[in-house]
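J.: Here it is: the structure, laid out below.
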Amino acid sequence: MPFLQVDLGRGVREKVPVAPNTTLREVLSAACTKRGLDVATRGLRHGRTRKHLDLSITFRLSGLDNNALIEVVEDGHTAPRGSSQAPCRVAVQLESGDRRTGSLGDESSLLEVVRALCPEQLADGAMPAGHAPAILYGGSGDLRVVATGEDQLRSTTLASLGVARGSAVLVRFVSLPAEGGPE
1 MPFLQVDLGR GVREKVPVAP NTTLREVLSA ACTKRGLDVA TRGLRHGRTR
51 KHLDLSITFR LSGLDNNALI EVVEDGHTAP RGSSQAPCRV AVQLESGDRR
101 TGSLGDESSL LEVVRALCPE QLADGAMPAG HAPAILYGGS GDLRVVATGE
151 DQLRSTTLAS LGVARGSAVL VRFVSLPAEG GPE
């Protein structure tokens, strides 16, 4: 199984197993959790090139090799995008093509995003019978369904998608046939 070596400073290294679709935020979280560090105040950079890594990218698309060395750094020294205290800028594209934008925290669930930016989409009668709300997201450019139905929307946060504070994200809101429901 592929893994990354995460240098936590002071000679401490953790081997974190990764799958192709593991985000770098998940790698950071796994390494910091093992050592009791606060994930919210940390970032990653490549150990050899010293380039800061985008935490929303998956291992497959990161350009990192198996067994690559990456370093955990304080958030103040990570990518120059926005302040670590700044909220995420979120844009929701509706099926009609309209976009709604707003600022929310990275711990906001996708249901909170939809309720804040386009509450009329969840109103009774807004969706065809047998359909459920869904969010499509593609941090790497290819859209995929990340949550279908209110339960999944409630349990999926912006942070779990790899969206960091101070960054921006575009998600697409659609209605898909509910599992087991009429199509």
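Numbers 1 to 183, taken from full-length UniProt numbering, label the letters of the sequence shown in order.
Ideal placement from N, C-alpha and C gives every residue a C-beta, glycine not left out.
1) Could you pull the DSSP bridge partners for residue 175 from this structure?
2) Whose C-alpha, out of 143, 6, 87, is nearest the C-alpha of residue 93?
3) If the criterion is Cβ atoms closer than 8 Å, does the pair residue 174 and residue 134 meet it?
4) What did DSSP end up calling residue 44 once you bin it into helix, strand or coil?
5) Taking the DSSP output, what are the residues bridged to residue 122?
6) Could I get the ranges of all uninterrupted beta strand (DSSP E) runs contained in the UniProt domain "TUG ubiquitin-like" (13-71), with 3 residues as the minimum, in chain order?
7) Considering only the beta carbon of each residue, do residue 73 and residue 43 sit closer than 8 Å?
8) What three-state label does DSSP hand residue 192 in the structure shown?
9) Can you tell me the Cα-Cα spacing of residue 95 and residue 9, whole angstroms?
10) Could you check which residue in 178, 118, 56, 98 has the C-alpha nearest to that of residue 158?
11) Are there 16 or more other CB atoms within 10 angstroms of the CB of residue 49, so buried, or fewer, so exposed?
T.: According to the structure data:
1) Answer is 133.
2) Minimum Cα-Cα distance from residue 93 among the listed residues 143, 6, 87 corresponds to 143.
3) A contact, by the Cβ cut-off of 8 Å.
4) DSSP places residue 44 within a strand segment (E or B) once states are collapsed to three.
5) Beta-bridge pairing links residue 122 to no other residue.
6) The UniProt domain "TUG ubiquitin-like" (13-71) contains, as complete beta strand (DSSP E) runs of 3+ residues, the segments 42-46 (chain order).
7) A distance below 8 Å separates the beta carbons of residue 73 and residue 43.
8) Since the first residue of the chain shown is 1 and the last is 183, residue 192 is not available in this structure.
9) Roughly 47 Å between the two C-alpha positions.
10) The residue among 178, 118, 56, 98 with its C-alpha nearest the C-alpha of residue 158 is 56.
11) By the neighbour-count rule (16 or more Cβ atoms within 10 Å), residue 49 is not buried but exposed.
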